[in-house]
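Worksheet: the structure to be examined is printed underneath.
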Amino acid sequence: MSELLEQARRLLERVADGEEMEVYLSRGAENEVQAYQGEIESLASSSSAEIGIRILVDGPQGARVGTAYAGSLDEEAIAEALANARDNARFATEDEFMAFARPDGVAAMAMDLVDAGVTTTPLGDKIALAIELEKMVRSGDPRIRQVESANYSDYLAEAAIATTTGIAAAHERSGAFLSVTAIASQGDEDQTGWGLSVGRAPGELSVEEAAADAIGRATRMLGAVKAPSTKGVAVFGPRTAATLWSIIGGALSGDAVVRGRSFFAGRLGESVASELVTLIDDPTDMRHYGASPYDAEGLASRRNELIVAGRLQQFVYDTVSARRAGAVSTGSAVRGGVSGSPSAGCRALQVLPGELDQDEILRRVGEGIYVESMTGVHSGVNPISGDFSVGITGLMVRDGVLAEPVREVTIASTLQRMLLDVLYVGADQEWLPGLAAGQTIAIDGVALSGS
Amino acid sequence: MSETLVAPDVLSRVLNESMGRGAHFAEVFVEDRSSQSASLDQRRVQELSSSRSRGAGVRVVVGETTGFAHTADLSEAGLLSAARAAAAVAREGGGGVARVSLERERAHRSGAEVPPSSVPKAAKIEMLTRADEIARSSADAISQVQVGLSDSVRRFVVANSEGVLTSNEQVRTRFAVACVAVGDGGMQTGYRPLAATRGYEFLTPEAIDEAARGAAQQALTKLTARPAPSGDLPVVLAGGSGGILFHEACGHGLEADAILKQASVYAGKVGERVASELVTLVDDGTMVGEWGYLAVDDEGRPGARNVLIENGVLTDYMWDYLRARQQGRASSGNGRRQSYQHLPMVRMTNTYLLAGDADADEIVAQTPLGVYVAQLGGGQVNTTTGDFVFGTTAAFMIENGRITAPLRDCNLIGNGPEILRRVDAVATDFSTTPGTCGKDGQQVAVGCGQATMRLSGITIGGTAS
Numbered sequence: 014m015s016e017l018l019e020q021a022r023r024l025l026e027r028v029a030d031g032e033e034m035e036v037y038l039s040r041g042a043e044n045e046v047q048a049y050q051g052e053i054e055s056l057a058s059s060s061s062a063e064i065g066i067r068i069l070v071d072g073p074q075g076a077r078v079g080t081a082y083a084g085s086l087d088e089e090a091i092a093e094a095l096a097n098a099r100d101n102a103r104f105a106t107e108d109e110f111m112a113f114a115r116p117d118g119v120a121a122m123a124m125d126l127v128d129a130g131v132t133t134t135p136l137g138d139k140i141a142l143a144i145e146l147e148k149m150v151r152s153g154d155p156r157i158r159q160v161e162s163a164n165y166s167d168y169l170a171e172a173a174i175a176t177t178t179g180i181a182a183a184h185e186r187s188g189a190f191l192s193v194t195a196i197a198s199q200g201d202e203d204q205t206g207w208g209l210s211v212g213r214a215p216g217e218l219s220v221e222e223a224a225a226d227a228i229g230r231a232t233r234m235l236g237a238v239k240a241p242s243t244k245g246v247a248v249f250g251p252r253t254a255a256t257l258w259s260i261i262g263g264a265l266s267g268d269a270v271v272r273g274r275s276f277f278a279g280r281l282g283e284s285v286a287s288e289l290v291t292l293i294d295d296p297t298d299m300r301h302y303g304a305s306p307y308d309a310e311g312l313a314s315r316r317n318e319l320i321v322a323g324r325l326q327q328f329v330y331d332t333v334s335a336r337r338a339g340a341v342s343t344g345s346a347v348r349g350g351v352s353g354s355p356s357a358g359c360r361a362l363q364v365l366p367g368e369l370d371q372d373e374i375l376r377r378v379g380e381g382i383y384v385e386s387m388t389g390v391h392s393g394v395n396p397i398s399g400d401f402s403v404g405i406t407g408l409m410v411r412d413g414v415l416a417e418p419v420r421e422v423t424i425a426s427t428l429q430r431m432l433l434d435v436l437y438v439g440a441d442q443e444w445l446p447g448l449a450a451g452q453t454i455a456i457d458g459v460a461l462s463g464s
Numbered sequence: 039m040s041e042t043l044v045a046p047d048v049l050s051r052v053l054n055e056s057m058g059r060g061a062h063f064a065e066v067f068v069e070d071r072s073s074q075s076a077s078l079d080q081r082r083v084q085e086l087s088s089s090r091s092r093g094a095g096v097r098v099v100v101g102e103t104t105g106f107a108h109t110a111d112l113s114e115a116g117l118l119s120a121a122r123a124a125a126a127v128a129r130e131g132g133g134g135v136a137r138v139s140l141e142r143e144r145a146h147r148s149g150a151e152v153p154p155s156s157v158p159k160a161a162k163i164e165m166l167t168r169a170d171e172i173a174r175s176s177a178d179a180i181s182q183v184q185v186g187l188s189d190s191v192r193r194f195v196v197a198n199s200e201g202v203l204t205s206n207e208q209v210r211t212r213f214a215v216a217c218v219a220v221g222d223g224g225m226q227t228g229y230r231p232l233a234a235t236r237g238y239e240f241l242t243p244e245a246i247d248e249a250a251r252g253a254a255q256q257a258l259t260k261l262t263a264r265p266a267p268s269g270d271l272p273v274v275l276a277g278g279s280g281g282i283l284f285h286e287a288c289g290h291g292l293e294a295d296a297i298l299k300q301a302s303v304y305a306g307k308v309g310e311r312v313a314s315e316l317v318t319l320v321d322d323g324t325m326v327g328e329w330g331y332l333a334v335d336d337e338g339r340p341g342a343r344n345v346l347i348e349n350g351v352l353t354d355y356m357w358d359y360l361r362a363r364q365q366g367r368a369s370s371g372n373g374r375r376q377s378y379q380h381l382p383m384v385r386m387t388n389t390y391l392l393a394g395d396a397d398a399d400e401i402v403a404q405t406p407l408g409v410y411v412a413q414l415g416g417g418q419v420n421t422t423t424g425d426f427v428f429g430t431t432a433a434f435m436i437e438n439g440r441i442t443a444p445l446r447d448c449n450l451i452g453n454g455p456e457i458l459r460r461v462d463a464v465a466t467d468f469s470t471t472p473g474t475c476g477k478d479g480q481q482v483a484v485g486c487g488q489a490t491m492r493l494s495g496i497t498i499g500g501t502a503s
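As they're listed, the protein sequences go chains A and B. Position in the first sequence counted from 1, then plus 13, gives you the numbering used here. Position in the second sequence counted from 1, then plus 38, gives you the numbering used here.
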């Protein structure tokens, strides 16, 4: 058993009569290097430890929970957090559905999510990656006028969850990232492009890939013009498609559904998407950056098929939302860090790939718009009503190939329509950091607003 | 909570250690933040949550390079260890002996009249249930109400190698009501935030009732909303939340970090006309009680009122210590950080457009066809190109000079420099709105403001043709 899990379990001994207790511990170390003009602009190396405590007390109408968080693991901080959690529990409304997770017999998969390279690689080599990245982007194309930021970052993190209801889960993970923002210029016009490379350790990163990504995205937007307002097919590349699936995933949260805050509520078993769409949430798939043996309540991760060939098959649940909905947890508890409370959410989304590559999809689409980047996703998408309106940059699709770049364009539809209007799903699946993997998709019936 | 986070002589020794290897600047930022939050949903008080976070960040600058480390260990040994880690970037440096002598501490109290610690938890719960009842009583169509409340007391001490020693206490309190209304046209949402850099004194029953009714009304109104138009139309922004537009569309491009990297459309344009002469844009950290208010910034610099654009002419940018030092000038009091775990950078405080002299109703009456935005949602900008997007959460058609049908939520899209030139009317009814600004992964509280105003044209991203 990990040392951190041992510590969490020891803290459970402080539970009082009539209480259940959950202890969530995490600790980690991280490095971040920013390079600028061939030098280190900043270098941050840090470690941290955190604790979240939840206390549950049963009453005649159900359970009450109080929570507390501390940003260090010294005794004073822990004692204060425990006292606060206990006091806070007095003020919640009794809720018949409130409960901590209990072991459900599903065994966690053994997963090795740590690459030792993240700690054994000398800091100097990590710095060199950031400096090399900046240099490669600067010299990679004469139209690149500036590299706004070129970063290397990594982390090694460990978490443990233990409850008096029998949960004992611990896992570790590492990650390393290169990211770069390039500015390309032509006359008075500037365009930006963002590139990245992701791995579990510095050895898995590709400076070339991140640099080419940023340069390509910045330069191909040069000469962007306003587009005419029209309605038609929008083609999303892997990154923007991943953003769409993340939004759809939010509406598949059993918590949102049971509270009537999802346009999917009451539609189980119905056809909600094109037959081409099979959307699964699978944190046991090691290829996915969201892979993890346990969910945020310490239950084993499992593969959940959400939409199968367009038919809405199931939602994802944590313990409380499952009880509220009369279902069982799907191992889908998520929380916003150690200080957050669990809720139900997707963790590692992917759409099963189709057979066409991007060029073939563009050829078949013929006329439309290719979406290079989306902005305003947090303000322009309403997961309750399904209204969807975002700003994009992109390229027109003409005669089946990418044509002139366009900017200051919005695309709008509803999420409901967009799912039904999926025309093609690509074979070009990319494993991206974040909630969802993505591949090229084409969606019909999208309103384009330009000049 | 002890009165002094870390003793001045310890801070001196940590700074000496940081400077020891030939650094040009060192800073210790010690922070102790306590916060509490509570929420109500489906008529149930969800969990109350308390949080406490204490630690220090040490920053060491050598030439153009910054080293940074943070620790939750506030003992002298812990702080010295962070200082050595931050100073590791200076390993090539000279190694001369530094002696930092700190000035007498300048202390800033929050001035909160009703500090969060003086409000019993039961009273906080009472505010949640009150808002819930008021919102629900607005109409049967209100099917869901969520109410959230949070308060935080943030104390920090900042000391640096230039002798600055400043302590500060910031108290922020926030209350928000969100409603869902159900009708024939599906579900619609309404939202009202109340937030101030104050204690609980502004959360009066009247203020809570008004927020609850406002959120409910907004959701109800939208039940009959029709799809927003698409294309370029004049837009009238109601006073308050429209300030988000100026925060996004020009504020971010006036931050000196973007300027010095030539990553802003406004680089090199001081003295030039960049906006309609109706535009005077100010960033003002001194507006007591506003959500972006700060007595001193997170580098120990007093908050200031900075005029960025005056009558359409660009006058200055916003600066933090590091960027100002590179230009041989003083910080403008815009160095902020999310917590001791983050490096400070140039951030806005309260950013607003000064009121004009037009009448708000007249502006609408003189708009034959357009969109009236009663409340703006969040937004996003690419500072390099100036292209921005922001969402509406309450919008209406303007037809024949009158506000008519409510519109479904949509995004507006435009380009900062272009939009600034299209401001063609500004009214007198100035008000402000609270927001959260994210930049490079750090969130800080900001205020925005403006009076009712009109843009001669902006692209609306609706679905109606």
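Where is the CB? At the ideal position from N, CA and C, for every residue including glycine. All of these numbers come straight from a predicted model, not from anything done at the bench.
Contact with chain A by residue i, beta-carbon distance below 8 Å
i, result
"B:GLN488", "no"
"B:HIS290", "no"
"B:THR353", "no"
"B:CYS448", "yes"
"B:PHE106", "yes"
"B:GLN480", "no"
"B:GLN453", "Just to set this straight, residue 453 of chain B is Asn in the shown sequence, not Gln. By this cut-off, B:ASN453 is an interface position."
"B:GLY132", "The predicted model places B:GLY132 with a pLDDT of 49, which falls under 50 and marks its position as unreliable, so this point remains unresolved."
"B:SER40", "The pLDDT assigned to B:SER40 is 42, lower than 50, so where the model puts this residue is not dependable; a value taken from the coordinates is nonetheless given after this. Judged by the 8 Å Cβ criterion, B:SER40 is not in contact with chain A."
"B:GLU293", "no"
Test item: CB-CB of residue i and residue j under 8 Å
i, j, result
"A:SER107", "A:GLY79", "For clarity, residue 107 of chain A is Glu in the given sequence; the question names Ser instead. No; because the gap between Cβ atoms is not below 8 Å, this pair is not in contact."
"A:LEU25", "A:THR177", "yes"
"A:ALA286", "A:THR406", "no"
"B:ALA94", "B:THR109", "yes"
Residue i, buried or exposed, once every other Cβ within 10 Å from all chains shown has been counted against 16
i, result
"B:THR423", "buried"
"A:GLY303", "buried"
"A:GLY51", "exposed"
"A:MET299", "exposed"
"B:MET39", "Confidence in B:MET39 is poor, its pLDDT being 38 and thus under 50, which makes the residue's placement unreliable; the coordinate value appears in the next sentence. Result: exposed."
"B:PRO267", "buried"
"B:SER175", "exposed"
For residue i: DSSP bridge partner residues
i, result
"B:VAL334", "B:PRO340"
"A:SER192", "A:ASN164 and A:LEU209"
"B:SER205", "B:ALA145 and B:VAL195"
Residue i CB to nearest heavy atom of the ligand NAD below 7 Å
i, result
"A:LEU445", "The ligand content of the structure shown is nil, which means the ligand NAD is not present either."
Identity of the residue in the options nearest residue i by Cα
i, options, result
"A:ARG430", "A:ARG103, A:GLY323, A:TYR168 and A:LEU146", "A:GLY323"
"B:GLY366", "B:GLY417, B:TRP357 and B:LEU258", "B:TRP357"
"A:SER59", "B:TYR378, B:THR259, B:GLY416 and B:ILE496", "B:TYR378"
"A:GLU318", "A:THR205, A:ASP331, A:GLY130 and A:GLN327", "A:GLN327"
"A:VAL246", "A:ALA440, A:ALA264, A:ILE424 and A:ARG67", "A:ILE424"
"B:LEU78", "B:THR211, B:ALA64, B:VAL215 and B:ARG59", "B:VAL215"
Contact list for residue i against chain E, beta-carbon separation under 7 Å
i, result
"A:SER266", "Going by chain labels, chain E is absent from the structure shown, which instead holds the protein chains A and B."
Residue i at chain B interface by Cβ criterion, 8 Å
i, result
"A:GLU35", "no"
"A:TYR82", "yes"
"A:GLU417", "no"
"A:GLU88", "no"
"A:VAL78", "yes"
"A:ASN395", "yes"
"A:ALA240", "no"
"A:VAL403", "yes"
"A:PHE190", "no"
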